[in-house]
Amino acid sequence: MSATANLQAYRPVTQFIDSSAYPISEADESSATLGAGIRVNGDDDNGNGRADYLDLLPSAAADNDLVRVDVIGEGTTFVVSWTGSLAVWTSPLKDAAIINGGSVGNGQSLWVEYVSQAHTVGASTQLQLEVSDGASVATDTVVFHSFQSVVLAIAGNTQEPSRFGDPTLGVYTIAGELYRQGYDVQLYAHHEVLKTGKGKVYDDVVSGVLSRNVNSVAIIGYSWGAGAAYNLSNALKKTKTLAPAGYRLTYTASIDGIKHRSISAETRKPVGTAYHDNVYQRRDLLPRGNKVSGAQNLNVTLASWGTHLRHVTIDDHPTVQQLLVDNLTARVIA
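Shown next, in the form of C-alpha cells:
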C-alpha cells in the first residue's frame, strides 16, 4: 500500500452559512481563482488596536477570517509546509501555531490565516502536505488567493439571513451559488441599512476596504433590499476615505426594487456603480419594480418565461438567478 495525501480546504467561515458543507473540489483546489479564497485578516476583532494577523496569542473567540483545511492520508509521517504570507494554527482560536515544515496528524483540522495586506499573486501562495510511509511519498497542494472583493446580498421585508437555504429566499440562493463558486459573500437583512445608508452593512464594507484591502464591492438587493442598496451606495460614495483606499462599486443588481420602507418602485441606479442589472415585473399592481435609467433593464413580464412572475416569486426563478450570477462573475474578481 503506497502513501496517500489529501488536503481538504473549505470555503471561508461566513455567518449564516455552514462552511463545512462547502468543501473545495480537487479540480478547483489548485486554481488561483476558484480555489481556497482567504480574507486579509487585517480587522481588529478583539479591539486591541492592531490587525488580527499581528496577534500571536490565543483569542477568546474563534476568528472567522481563518480557513479550515483538513489533513487526510495514509502513511506514518505527515508534514505541512507553505509558501507566501500564511500562518497555520491548530484551531480558529489560534491556540497553537504550526511551524512551516512541521508535523501534523492524520485527520487533523488546520486553520490557515493570511498575514499580509498585500494580495496574493497567481498561484504563489500554497499549502502543501507531504505524507511518507517509509517506502513511498505522496503530496497534495492547495492554492490560496486573497479576496479582493466582497458580495453583499440584501433581502426584502421579513426575510432574514438566518433562513439561508430556504428556496423561497432567492437573493440568498444567488448568494449561496456565488459562495460555492468561491466569492466572499455576506448576507444581510434590509433593516441592517439605515435611512442614511449607514448601519451594520456600511460598517462591514468600510472595515473590509480599510482593513482587509477589499477594493471591489458588489451588491444584490431584492425588493426593499434594492432600495437599501441605493441608500448604502450613496453613503459609501460620500465616505472620503474609501476611494483613496481603492474602493470601487463594481457591480449592482436590483430584483423588483422597491424604495426602502416604501411601496414605490426604486428607479434610482446605485451611486457610483460600474454596471447595474435591474430585473423587475409589472404583473402586480403593487409592489412592482420599474425601469432604471442607465441600467441593464429586464422586464420579465414581457418575457415568455416570466409572464407569470410576481413580486414574491421573481427572485426565485432560475433564469433570473442565473442571469445575475453570470453577469456578476463576468465583472467581479473574487
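In this text, residue positions in the sequence shown follow my numbering: the first is -15, and each later residue adds one. Note that CB positions come from ideal geometry on N, CA and C, so glycine has one too.
query, result
"Please report the straight-line C-alpha distance between I158 and S69, rounded to a whole angstrom.", "31 Å"
"For V(-3), which option in R164, D310 and G85 has the closest C-alpha, if you only look at C-alpha atoms?", "R164"
"Along the alpha helix (DSSP H) that carries W208, what are the first and last residues, could you check?", "W208 to K222"
"What does DSSP give as the partner residues of L331 in its beta bridges?", "This structure does not reach residue 331, given that the chain is present from -15 up to 318, and the question cannot be answered."
"Grab the span of the alpha helix (DSSP H) containing L307 for me, first residue to last.", "P302 to T313"
"With burial defined as no fewer than 16 other Cβ atoms inside 10 Å of the residue's Cβ, what is the status of T22: buried or exposed?", "Looking at the sequence provided, one finds Ile at residue 22 rather than Thr. Classification of I22: buried, given that the 10 Å Cβ count is 16 or more."
"Sort W208, H244 and V198 by Cα distance to L233 and report the nearest one.", "V198"
"Measuring alpha carbon to alpha carbon, tell me which of G86, R245, V201 and Q306 ends up nearest T257.", "V201"
"Between F0 and G160, what straight-line distance do the alpha-carbon atoms span, to the nearest angstrom?", "11 Å"
"V276 and T251 look like a contact to me (Cβ under 8 Å); what is the Cβ gap, rounded to whole Å?", "5 Å"
"Between which two residues does the alpha helix (DSSP H) holding V193 run?", "K184 to S195"
"Whose C-beta lies closer than 7 Å to the C-beta of T291 among residues of the same chain, with five residues either side of it excluded?", "T285"
"Considering V51, what are the terminal residues of the beta strand (DSSP E) in which it resides?", "V51 to E58"
"Let me check understanding here. Comparing Cα to Cα, which of P76, N30, T17 and A139 lies closest to K243?", "A139"
"Exposed or buried, what is K222 when buried is set at 16 or more other beta-carbons lying within 10 Å of its beta-carbon?", "exposed"
"Across the segment 164 to 173 and the segment 97 to 113, are there enough close Cβ pairs to call them in contact, namely three or more that are closer than 8 Å?", "no"
"Check whether the segment 80 to 95 touches the segment 58 to 69, taking contact to mean three or more Cβ pairs, one atom from each stretch, closer than 8 Å.", "yes"
"Mapping DSSP to helix, strand and coil, what is T17?", "coil"
"In chain order, what are the residue ranges of uninterrupted alpha helix (DSSP H) at least 4 long that sit wholly in the segment 130 to 182?", "154 to 164"
"Using the Cα positions of D261 and N311, report the straight-line distance between them to the nearest angstrom.", "8 Å"
"Should L113 and V51 be called a contact, given that it needs their Cβ atoms to be closer than 8 Å?", "no"
"Specify the secondary structure class of Y(-6) as computed by DSSP and reduced to three states.", "strand"
"How many Å lie between P7 and L269 at the Cα?", "44 Å"
"Taking the straight line between their C-alpha atoms, what separation do you get for G86 and Y98?", "18 Å"
"According to DSSP, is T61 part of a helix, a strand, or is it coil?", "strand"
"Please determine, among A227, Y214, A80 and D299, the residue with the shortest C-alpha to C-alpha distance to G192.", "A227"
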